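Notes follow the structure.
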Amino acid sequence: MKKVTTVCPYCAAGCKLRLLVEDGRIVRAEAAMGKK
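Take the sequence shown: its letter number 23 is residue 23 in full-length UniProt numbering, and every next letter is one higher.
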């Protein structure tokens, strides 16, 4: 599995997300800790 950090597109707050990707598909999404 690969971990990818990205920004949530839902609003303008810019929260970071950590996505776990397997075979090109997102299998889990969780909050990424740290500053925006």
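Don't be surprised by glycine CBs; every beta carbon is placed ideally from N, CA and C.
Remember, predicted model here, so these are calculated numbers, not experimental data.
Residue 4 is bridged by DSSP to 19. When the beta-carbon positions are compared, residue 31 and residue 19 stay at least 8 Å from each other. Scanning its chain for C-beta atoms nearer than 8 Å, with the 5 sequence neighbours on each side dropped, one finds around residue 17 the residues 5, 6, 7, 8, 29, 30, 31 and 32, in chain order.
DSSP places residue 31 in the uninterrupted beta strand (DSSP E) bounded by 25-31.
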